[in-house]
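Single-structure report; data block below.
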Amino acid sequence: MLEKKKKLMEIGMKLIAEKGYHNTSVQEIANKAGISKGSFYSYFPSKKAFTITTVKAFHIQVMEELSQVDVEGDDKECFAKQIAILMKYMEQHKDHIMMYFRSNILIIEELDQQLSDVRVDHFHWLKDNLEKIYGKQLREFLIDSIIQAEGLLHSYFHWFVLENVDLDKEQAGEFIVRRLHDLIMGMLKRESSGLVDMAQIPEIYKSTRRSTLEKQTLQKVLNALKEKIVLLDVQQSKKERLYEVVRLLEKEGLEDCNIVVIQGLLAHFYAYDILIEDVSKIATILNIELL
């Protein structure tokens, strides 16, 4: 069932990439996939639902790929590797990228919420990387730096995906990070203040909600925490209480993000040395201080 749906999505993406959203019918997608029109509707209630689902699935897959990057102690290298992974993913899924671009132009009103989530996640991905690399010194120029990073990335992605310019992905990631570094250091050296600050940007970008990448990373650490609880030399009843704390952390960290509550929940793990590293990671991801 899942494989058939995945194949249907891939075929539909390719057709929409070639012909555009409005010029591609459900019947054409069904014919190309070798199924009936009725079978298509058993997977998706409409062409709009199909497009929204494929855009969302692609976005989640990309964020999962980025969450796997872990370069210990070198934030610039981590950022460069994430850019390289993005480009490799674009190369492997060009039909999906083309569909995204076409959908963004032609049916933006129908994809507004999904595309808004993509833009916000992209903003926070850049923001998180830049803050890790440059810290507080970038405070006055953070939004300008994000805008410039977006400009660099989008321009190179355009030439790579739409104009078929062949680029070495690893080299491109490192090159873009170096060029962005030059821009940022130039601002820090020559400018007294930035052109755009946080107060000027739309409220949606100021949201404290967890980005998709943050959610993926947090869930990964919480899963590791569960695995380590299994190894604790304590009574099963105690383990069950710790599992319940993890479940509450999933709710608070991924949805509500009540800092005081999370601080109290994390305190339950302080007595166990093998859990401290993951507790610290959770605090870093959620940007909170441990009690």
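Quick note: the sequence shown uses UniProt numbering, first residue 1, plus one each step.
From the three backbone atoms N, C-alpha and C, an ideal C-beta is built for every residue, glycine too.
It should be emphasised that the depicted structure is a prediction, and the values quoted were computed from it without experimental measurement.
**Prompt:** Of the choices I288, Q200, E150, K206, whose alpha-carbon is the least far from that of L180?
**Reply:** E150
**Asked** For the putative contact between K76 and I133, defined by C-beta atoms under 8 angstroms, what is the C-beta separation to the nearest angstrom?
**Response** 6 angstroms
**Prompt:** Which residue's Cα is closest to the Cα of L218: V245, Q236, E28, E250?
**Reply:** E250
**Message:** Please give the ranges of any beta strand (DSSP E) in the stretch 188–241, keeping only runs that are unbroken, at least 3 residues long and fully inside the region.
**Reply:** none
**Request:** Give every residue of the same chain whose Cβ lies closer than 7 angstroms to the Cβ of Y272, excluding the five residues on either side of it in the sequence, and list them in chain order.
**Result:** L232
**Message:** Along the chain, where does the alpha helix (DSSP H) containing Q165 start, and where does it finish?
**Reply:** The amino acid at residue 165 is misidentified as Gln; the sequence shows Val. It is not in any alpha helix (DSSP H) - V165 carries neither H nor E in the DSSP assignment.
**Message:** Any contact between the stretch 30–38 and the stretch 8–22? By contact I mean 3 or more CB pairs, one from each, below 8 angstroms.
**Reply:** yes
**Message:** Within a Cβ cutoff of 8 angstroms, which residues of the same chain sit near I108, ignoring the five residues on either side of it in sequence?
**Reply:** Confidence at I108 is low in this model, with a pLDDT of 48, below 50, so the placement of that residue should be treated as unreliable; the coordinate-derived value is given next. Contacts found: L115.
**Residue closest to L66, alpha-carbon to alpha-carbon, out of F40, L290, I85** = I85
**Prompt:** Got a sec, what are the start and stop residues for the alpha helix (DSSP H) E289 sits in?
**Reply:** Taken as a continuous stretch (DSSP letters only), E289 belongs to no alpha helix (DSSP H), as it is neither H nor E.
**Item:** Continuous alpha helix (DSSP H) stretch holding I35: start and end
**Value:** I35 -> no alpha helix (DSSP H), and no H or E assigned at all.
**Message:** In the DSSP assignment, the alpha helix (DSSP H) including residue 292 goes from what residue to what residue?
**Reply:** Nothing can be reported for residue 292: it is not among the residues displayed for the chain, which extend from 1 to 291.
**Asked** Exposed or buried, which one is K238 when buried takes at least 16 other CB atoms within 10 Å?
**Response** exposed
**Prompt:** Is it right to say E214 is buried, meaning 16 or more other beta carbons lie within 10 angstroms of its own, or is it exposed?
**Reply:** buried
**Backbone secondary structure at T24 - three-state DSSP** = coil
**Request:** Answer yes if the stretch 183–195 comes into contact with the stretch 136–150, meaning at least three C-beta pairs across the two stretches below 8 angstroms, and no otherwise.
**Result:** yes
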